[in-house]
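**Q** Dropping the structure in here first, questions after.
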Amino acid sequence: MRSVHPRRWWQIIAAAGLVVTVTYAAVPESVAATAGFAALGVATVAGCFLGPRRWGAEPAGAWLTMGVSALLFLVGVLIRPTVTEQPMPWPLLADAASFSGYLLLGTFLTILLRQRGSLDRHAVLDGLIVFLAAGLASTLLLALPAAAIDGRDHLLSFIQGLYPLLDVTLVLLLANLTFTAKHWPPSLIAFIVMMTAMFTGDLAYAIVGVQGKIYASPLLNVPFLVAYTALGVAALHPSVADVSRPDKLPAQAWSWSRLSLLLPALAMPFLLLLTTGAETAAHRLLIALTGALIVALLLARAVAAVRAQVAAQLRSEHQATHDPLTGLPNRQSMSAEIERLVTVVDPEGNNRIWVYMLDFDGFKWVNDSWGHDTGDQLVIDVGRRLRSAVPSGIPVARVGGDEFLLAYVGEKGDALRLVDDIRGCFARPFPVRDHDVVISASIGISHADADPATAAVTAEALMRDADTAMYRAKGEGPGRSTIFDTSMHAQVRERIELEVALRQALAEEQLHVAYQPIVRLETGVPVGAEALVRWMHPERGAIPPMTFIPIAEDAGLITAIGTWVRKEALRQLGVWRSEGTVGDDFYLSINVSPRQLNDPELPLIVSGEMVRYGVPAHCVALEMTESVMVDGSSVTARVLFELRELGVKLLVDDFGTGFSALGYLRRFPVTGVKIDRSFVTGLGVNVEDDEIVRAVVAMSHALGLSVIAEGVETPLQREALHAVGVLNGQGWLWGAAVDAPDFSQRWREMIQRTPQITPGGAPNPTN
Ligand code: C2E
Ligand code: MG
Ligand code: MG
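257 is the number of the first residue of the sequence shown in my numbering; add one for each residue after it.
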């Protein structure tokens, strides 16, 4: 068999089985017949070991059990003719082998059923009903008559009577397997054929047994040959792996195939009573008891069906109104609950309804850095803490990814105390899968008076306003809470309008780039410029970046805008370089937002753009805020390293205003910092600012970072910066950001004023 492809193994055993069976039937008493039987049996046993392993059937142990079972049956069948002639206890040897075979076959079927997850209550009850009916029939028709045969060893008679019952037990298991299978893979069909052949064989033996014989003719073995062949096919067919795969019918409903087995089973006691049952009182008792049991099982089945139905209904109702992750009510049921609260007017005047909308700060980073499983667990834990932190009368719902909603009826003082309780939930870190996750939530609060007349509208408005207030709170920083007031509506509208306008601006090229020089403090000669985006709205005029950049970030437009600015700036620099407007070392500093740096393709794109516009990497700086490094993902870190590898400068913008966790300056390939304007403003006036700037410069020099001062407006500030060792600055002292033609115009004028630099050349290196 080795040279044959494993896919064909089952065909070979099928063909061989056919030949052996025909030979056996033709010349049953021959040595060839017995040898063929033995060979087929051994091949099938080998098949049980090889096939399932080859096709990856699970669990591996199950088919080994089946193989051993087949081996034991084979031994039983082959030795039976010989041992039957011997005195007791020799004949029992064949039965010992067969019985063990049955036991293992039963074990195999049970493992299979478990693996398929088929053992549900309906299937078990149905199987039991069939089992009882078949058991009753075989007891009355086969077992009792066989046992009652005179002159035979009692033990032997008893054992002969047991075989039909064993078969019936297997029928139960097989019925379960077929009752619950949605598809019948070829391997399962072959298996069913095998079981059927086995029953036929056993039945033949049982009928012979009733006649007082144990072994009659070798022809009785023909069904077993068929069984072995079928088992070989079942084990070697590639679909053997599917037999144990879960494949259940969606509902354990009544079906015609099921009824076709159950109805005869129900009729069985009556039929037996009519045909044989009247023989003795014991027989009638047996029939009556079995009949009663079958009826009881039927009742149990009906009750189970009704119960399952009710449970399913309750489950689906719960699912429709609850969040699957936290088990808390969902948005739909919360909105119904708020509507109900608005309807209830309290005679004592406690009529104010408060709605709290909670949203985690930085949840995205939790998901990005630790994975969604951790994010989910965090949501579950927050839900639990919230639920136990507030009285049970206050509804708590999960209404979005990281959004929770609470509602409270009462006066303002208590309503505000509730905010503290909610905040308290976030005071301690959340231990989630080996991490201590520290997170805060922004809370928006809205309130209204109970008013049954407008309940639906009020409830809707309460939720919407709480949401608006929550966004406002977020804008003020993490962990804040804000109470809604009507002016927020106007702001929301304004924000939405700006978002729409911004999309249009991007499409209609209303954006342009302005350039602000970055100069050498000592000489005032520009060494580079920062590219700053400008938006000229056709009706509203210039809209400052401080207004629209945050909107672009929220609306997911920042990548498109950032990409456009970067391309335009690099293109402009390429033009300036080729015209000789700027020197070889003149660099452009371009702002990038966190979201852009989370794109793994960014380094590749930037390097492509530099090639396209003929700009070397040392003439490009990218500015990012501290937050990028403090809570950036692993993708961001890789992007930064790859950008740095290209040779691009990386600057920390607005340095000193953010987290001031300086560790990141060493962990990331940063090349310089831009001291925020707020520190520069106080220079020469505020001693503290002097000290801070001095410290920043000392630290930066120690780390080998360049320093640029932002927002330099006065000569006093310039002197102070120069005195502490800052080399470069940027600010209105040298000029605000202007568009490209103005910038090159000014550059030319400055060259004329400053003889140290040659047109198109670099500043004199002595500066
Ligand atoms: P930034 O990167 O810190 O840019 C410096 C800001 O300070 C600019 O404001 C600039 O016009 C202003 N400024 C320069 N010198 C002085 C001065 O002497 N005094 C004062 N009071 N202000 C000065 P602008 O252009 O309004 O930009 C604001 C912020 O918008 C920028 O801050 C930057 O964070 C963001 N931004 C601008 N363009 C882009 C862009 O293309 N992409 C991204 N992601 N952000 C941008
Ligand atoms: Mg900047
Ligand atoms: Mg800045």
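The C-beta atom is built at its ideal place from N, Cα and C for all residues, glycine as well.
Report yes if the CB atom of residue 907 is closer than 8 Å to the CB atom of residue 879, and no otherwise.
**A** Yes, Cβ-Cβ distance for residue 907 and residue 879 is below 8 Å.
**Q** Would you identify the three-state DSSP class for residue 986, choosing helix, strand or coil?
**A** Here residue 986 sits in coil by DSSP.
**Q** Output the distance between the C-alpha atoms of residue 925 and residue 803, rounded to the nearest integer angstrom.
**A** Whole-angstrom Cα-Cα distance: 30 Å.
**Q** May I ask you to list the residues that DSSP assigns as paired with residue 585?
**A** In the DSSP output, where bridge partners are listed per residue, residue 585 has 578.
**Q** Residues in the same chain with beta-carbon distance under 7 Å from residue 263, minus the five sequence neighbours each way, listed in chain order, please.
**A** Cβ neighbours of residue 263 beyond the five flanking positions: 494.
**Q** Identify the residues that DSSP records as bridge partners of residue 610: which are they?
**A** The partner list for residue 610 (beta bridge, DSSP) reads 664, 703.
**Q** How big is the Cα-Cα spacing for residue 294 and residue 450?
**A** Each residue's alpha carbon lies about 17 Å from the other.
**Q** Helix, strand or coil: which one does DSSP assign to residue 653?
**A** It is a strand residue.
**Q** Measuring CA to CA, which of 918, 424, 910, 862 is closest to residue 895?
**A** Ranking the options by Cα distance to residue 895, first place goes to 862.
**Q** Using the beta carbon as the reference atom, which residues fall closer than 7 Å to any heavy atom of ligand 5, ordered along the chain?
**A** Absent from the structure shown: ligand 5. Ligands present: ligand 1, ligand 2 and ligand 3.
**Q** Just the C-alpha distance for residue 484 and residue 517, rounded to the nearest angstrom, thanks.
**A** If you take the alpha carbons of residue 484 and residue 517, they lie about 26 Å apart.
**Q** At what residue ranges does the segment 428–475 contain a whole run of the alpha helix (DSSP H), taking only runs of 4 or more?
**A** List check, alpha helix (DSSP H) in window: 442–466.
**Q** Taking only three categories from DSSP, how would you classify residue 414?
**A** Three-state DSSP puts residue 414 in a helix.
**Q** May I have a chain-ordered list of the beta strand (DSSP E) segments no shorter than 3 residues that lie completely inside the segment 720–749?
**A** With a minimum length of 3 residues, the continuous beta strand (DSSP E) runs that stay inside the segment 720–749 are 737–739.
**Q** What would DSSP say about residue 968, mapped onto helix, strand or coil?
**A** Here residue 968 sits in coil by DSSP.
**Q** Closest to residue 584 by C-alpha separation, out of 439, 637, 611, would be which residue?
**A** Among 439, 637, 611, the Cα nearest to that of residue 584 is on 637.
**Q** Within a Cβ cutoff of 7 Å, which residues of the same chain sit near residue 358, ignoring the five residues on either side of it in sequence?
**A** Excluding sequence neighbours, residue 358 sits near 422.
**Q** Tell me the residue span of the alpha helix (DSSP H) that contains residue 401.
**A** Note, residue 401: alpha helix (DSSP H), 400–403.
**Q** Sort out for me which residues DSSP pairs residue 645 with in a bridge.
**A** Residue 645 pairs with nothing; no bridge assigned.
**Q** Can you pull the DSSP bridge partners for residue 928?
**A** DSSP output for residue 928 lists 907, 962 as bridge partner(s).
**Q** Less than 6 Å between C-beta atoms, sequence neighbours within five positions excluded: which residues of the same chain meet that for residue 589?
**A** So the list reads 577, once near-sequence residues are dropped.
**Q** Express the C-alpha separation of residue 539 and residue 396 in angstroms, rounding to a whole number.
**A** Their Cα atoms are separated by approximately 8 Å.
**Q** Residues bridged to residue 775 by DSSP?
**A** DSSP output for residue 775 lists 782, 985 as bridge partner(s).
**Q** Report the three-state DSSP secondary structure of residue 479 (helix, strand or coil).
**A** Correct three-state label for residue 479: helix.
**Q** So for residue 389, helix, strand or coil by DSSP?
**A** In this structure, residue 389 counts as helix in the three-state DSSP scheme.
**Q** Thinking C-alpha only, which one of 535, 634, 287, 995 is nearest residue 685?
**A** The shortest C-alpha separation from residue 685 is found at 634.
**Q** For residue 722, which option in 610, 778, 732, 639 has the closest C-alpha, if you only look at C-alpha atoms?
**A** Answer by Cα proximity: 610.
**Q** Are the beta-carbon atoms of residue 415 and residue 351 separated by less than 8 Å?
**A** In this structure, residue 351 lies closer than 8 Å to residue 415 by Cβ.
**Q** Would you list the residues sitting across from residue 995 in a DSSP beta bridge?
**A** Paired residue(s): 770.
**Q** Going by DSSP, what residue range makes up the alpha helix (DSSP H) through residue 824?
**A** First-last of the alpha helix (DSSP H) with residue 824: 814–835.
**Q** Would you be able to state if there are at least three C-beta pairs under 8 Å between the segment 326–341 and the segment 288–302?
**A** Yes, since at least three Cβ pairs between the segment 288–302 and the segment 326–341 fall closer than 8 Å, the two stretches touch.
**Q** When burial is assigned at 16 or more other CB atoms within 10 Å of the CB, is residue 835 buried or exposed?
**A** So residue 835 ends up on the exposed side.
**Q** Given that a residue counts as buried once 16 or more other Cβ atoms are within 10 Å of its Cβ, and exposed if not, what is residue 500?
**A** Its Cβ being crowded by 16 or more others within 10 Å, residue 500 is buried.
**Q** Please classify residue 213 as buried or exposed, where buried requires at least 16 neighbouring CB atoms within 10 angstroms.
**A** No statement about residue 213 is possible, as the shown extent of the chain runs from 257 to 1023 and does not include it.
**Q** Express the C-alpha separation of residue 927 and residue 901 in angstroms, rounding to a whole number.
**A** If you take the alpha carbons of residue 901 and residue 927, they lie about 12 Å apart.
**Q** State yes or no: is the C-beta of residue 800 nearer than 7 Å to some heavy atom of ligand 1?
**A** Within the cutoff, so yes.
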